Amino acid sequence: MYVSELSALSPLDGRYAHDTRALAPIFSEWGLMRARLTAEIAWLVGLGDEPGVLELAPFSPAARGRLAALLTDFDESAGAAVKAIEARTNHDVKAIEYYLRDFVQHHDDLKPAAEFVHFALTSEDVNNVAYALMAQTGRDTVLIPALDSLITGLDELARATATIPMLARTHGQPASPTTVGKEIRVFVTRLTRARAPWRSVPLLAKMNGAVGNYNAHYAAYPEVDWPAVATRVLAGLGLSQNPHTTQIEPHDGLAELCHATARINTILIDLARDLWGYIALGYFRQKTRAGEVGSSTMPHKVNPIDFENAEGNLGLANALLDHLAAKLPISRFQRDLSDSTVLRNIGSAFGYTLLAYRACARGLGKLMVDEDRVRGDLDCHVEVLTEAVQTVMRRYGLAGGYENLKDLSRGRALTAEDLRAFIEGLALPAEVRETLRTLTPATYVGNAPAQAQDAPRP
C-alpha cells in the first residue's frame, strides 16, 4: 500500500508531514542506509590511505570520485536494491556491505578493494557511526536553524514591546509591574544560553571491532596503529572517537544530546504556557486568517492552537528524549540488542521537536499586544505600588511600613485615593512624597525596558 498523509501510521509522516519533511531524508530507513554506506566508504578509503595495509593501494582521484558518486546518487531505487539484499541476508548492515562490494567488483579500478569492504568491522562499527552522523546532521541542519528562527522572532518581539508596561503575576496574583518585552527577553536569554551546550555536544563514534579491542584488525596487521586509523576516519566524518568501548559505543554522547534537546524543549513548554496565559488574559490578541474556524459551535473563538500544539508535541518529544537518554547508555556486558530498536526513534524525537518549534513560530507570528487591555489591567491594581511605598519608608527609617500597608491593602480593593492619602500622612521629605504620589503602576517597572533591549541579537 502506498503510504500517503492519509494512510501513514505516524502523524509525523501523515498530518504533520509538511512540517517534518526536512528530517525525513536524514532519519528515514533510506537515510539510515545512506549513513551506513557513508561509514563503509569512509572506512574503505581510510584503509587505502594507511601505508601499513600493504595489499590495498591508495584510491586514485577517479576511484574516490566514483565512490563519492555512489553516495550522491543513492536514491530510492538504490535503497530498494539494499532492501532486496536484506530480504535474502536478513541482516541490514550486511546488506549495505554486499551492496558496496557488488559496486566495487563492477569497476576495474575498485575491484582490488573488494575484500576490504567492511574489513575487520562489526555491524555496530557501522551503525554507531551512522546514527552519530544522523543525529549531528539533524541537529545542525534542521533543528538549530528552526530554533534560531524562533529565538530571532522572540528577540524582535521583546524589542518591539520593550516599553509596554504589564502587570506581573506571581502565584497567578497581581504583582509588581514589568513590561511585555522584558518577560519575552527572559525566554530569549534562556534559549540562547541552552543553545550553546546543545550545539557543542560532541557526537562520539568508534570503529574498533567486535568488543572494542581491534582484535581482528591486529590479527591481520599487527604493525598498524589502528586507533590512529579509526581516529582519522572518524574525524574526516566530523565525529569524535571514543577510545574505550565495548562492542557498542556507549551512547553517552547521544544521551547528552537528548538531555540538551529536552532542556530547550522544557524552556519552550514554559514559553507556550505563558503565552497561552497572556492570550487568555487578553494581553495578546491573535491575527485571524480568512476562512479559519476557531470552534465548531462558537463562532467568536480564536483559540491559541499553535501554543497548545507546541506544548503537546514538546511533551511527546521529551518523553522520547528522556527514554533515549535513560536507555541507550545501558547494555548488558559487551553487547545486547535492546538499544537497536530504540535508536530508530531518534528521528521521531527530533520530529516532534521540530513540529513544536514551527508551531511556536507560527503562534508568535499571530500575536498582537492589546495595549488598552494591558494598561487597563494595570490601572485596576493600584495595590502593587505598596511595595514601592513601604520600601521607601524603610529607607527613611519609618517603622511599620510593611505592616501598615498590609492592613490597608491585603484582601480589599485599594484605590489610588486611598494610597495617596496614606502617603500624604507619612513623615517623608516633601519631594519624596510627591514622587510617590505621582507613581503609577504603568511607571513602576524598574529597569524592565532596558532589560528588554540590552541583549544582543542572536
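My numbering puts the first residue of the sequence shown at 87, with every later residue one more than the last. Beta carbons are placed, not taken as given, at the ideal position from N, Cα and C, and that holds for glycine. Remember, it's a predicted structure, so these values are computed and weren't measured experimentally.
Pull up the DSSP beta-bridge partners for residue i, would you.
{"i": "residue 372", "result": "453"}
{"i": "residue 259", "result": "256"}
{"i": "residue 251", "result": "265"}
Identify whether residue i lies in helix, strand or coil by the three-state DSSP scheme.
{"i": "residue 216", "result": "helix"}
{"i": "residue 420", "result": "coil"}
{"i": "residue 93", "result": "coil"}
{"i": "residue 202", "result": "helix"}
{"i": "residue 404", "result": "helix"}
{"i": "residue 466", "result": "coil"}
{"i": "residue 501", "result": "coil"}
{"i": "residue 514", "result": "coil"}
{"i": "residue 146", "result": "coil"}
{"i": "residue 192", "result": "coil"}
{"i": "residue 273", "result": "helix"}
{"i": "residue 493", "result": "helix"}
{"i": "residue 531", "result": "coil"}
{"i": "residue 485", "result": "coil"}
{"i": "residue 114", "result": "coil"}
{"i": "residue 430", "result": "coil"}
{"i": "residue 436", "result": "helix"}
{"i": "residue 231", "result": "helix"}
{"i": "residue 473", "result": "helix"}
{"i": "residue 399", "result": "helix"}
{"i": "residue 138", "result": "coil"}
{"i": "residue 409", "result": "helix"}
{"i": "residue 100", "result": "coil"}
{"i": "residue 159", "result": "coil"}
Is it right to say residue i is buried, meaning 16 or more other beta carbons lie within 10 angstroms of its own, or is it exposed?
{"i": "residue 466", "result": "exposed"}
{"i": "residue 454", "result": "exposed"}
{"i": "residue 113", "result": "buried"}
{"i": "residue 268", "result": "buried"}
{"i": "residue 529", "result": "exposed"}
{"i": "residue 137", "result": "exposed"}
{"i": "residue 143", "result": "exposed"}
{"i": "residue 191", "result": "exposed"}
{"i": "residue 92", "result": "exposed"}
{"i": "residue 217", "result": "buried"}
{"i": "residue 419", "result": "exposed"}
{"i": "residue 102", "result": "buried"}
{"i": "residue 75", "result": "The requested residue 75 is not part of the displayed model; the chain covers only 87 to 544."}
{"i": "residue 335", "result": "buried"}
{"i": "residue 292", "result": "buried"}
{"i": "residue 533", "result": "exposed"}
{"i": "residue 306", "result": "exposed"}
{"i": "residue 213", "result": "buried"}
{"i": "residue 423", "result": "exposed"}
{"i": "residue 263", "result": "buried"}
{"i": "residue 211", "result": "buried"}
{"i": "residue 251", "result": "buried"}
{"i": "residue 458", "result": "exposed"}
{"i": "residue 225", "result": "buried"}
Apart from the five residues just before and just after residue i, which ones in its own chain have a Cβ nearer than 6 Å to its Cβ?
{"i": "residue 444", "result": "105"}
{"i": "residue 323", "result": "128"}
{"i": "residue 396", "result": "358, 442, 445, 446"}
{"i": "residue 337", "result": "414, 415"}
{"i": "residue 259", "result": "none"}
{"i": "residue 554", "result": "Residue coverage of the chain in this structure runs from 87 to 544, which leaves residue 554 outside it and unanswerable."}
Using a Cβ-Cβ cutoff of less than 7 Å, which residues in the same chain neighbour residue i once the five nearest sequence positions on both sides are dropped?
{"i": "residue 183", "result": "126, 203, 204"}
{"i": "residue 365", "result": "372, 390"}
{"i": "residue 329", "result": "313"}
{"i": "residue 471", "result": "505, 525, 527, 530"}
{"i": "residue 539", "result": "245, 248"}
{"i": "residue 537", "result": "268, 271"}
{"i": "residue 285", "result": "230"}
{"i": "residue 171", "result": "181, 184, 185"}
Give every residue of the same chain whose Cβ lies closer than 8 Å to the Cβ of residue i, excluding the five residues on either side of it in the sequence, and list them in chain order.
{"i": "residue 509", "result": "475, 519, 522, 523"}
{"i": "residue 428", "result": "409, 410, 413, 414"}
{"i": "residue 351", "result": "400, 403, 404, 407, 439, 442"}
{"i": "residue 302", "result": "206, 295, 296"}
{"i": "residue 239", "result": "447, 450, 451"}
{"i": "residue 362", "result": "390, 393, 394, 397"}
{"i": "residue 228", "result": "108, 109, 112, 436, 440"}
Tell me, please, whether the CB atom of residue i is closer than 9 Å to any CB atom in chain D?
{"i": "residue 496", "result": "No chain D is present in this structure, which holds just one protein chain."}
Return yes when at least one heavy atom of the ligand ATP lies under 8 Å from the C-beta of residue i, else no.
{"i": "residue 427", "result": "With respect to the ligand ATP, the structure shown offers nothing to examine, as it has no ligands at all."}
Counting only runs of 4+ residues fully inside the region 282-352, write out the alpha helix (DSSP H) ranges in chain order.
-> 301-306, 312-322
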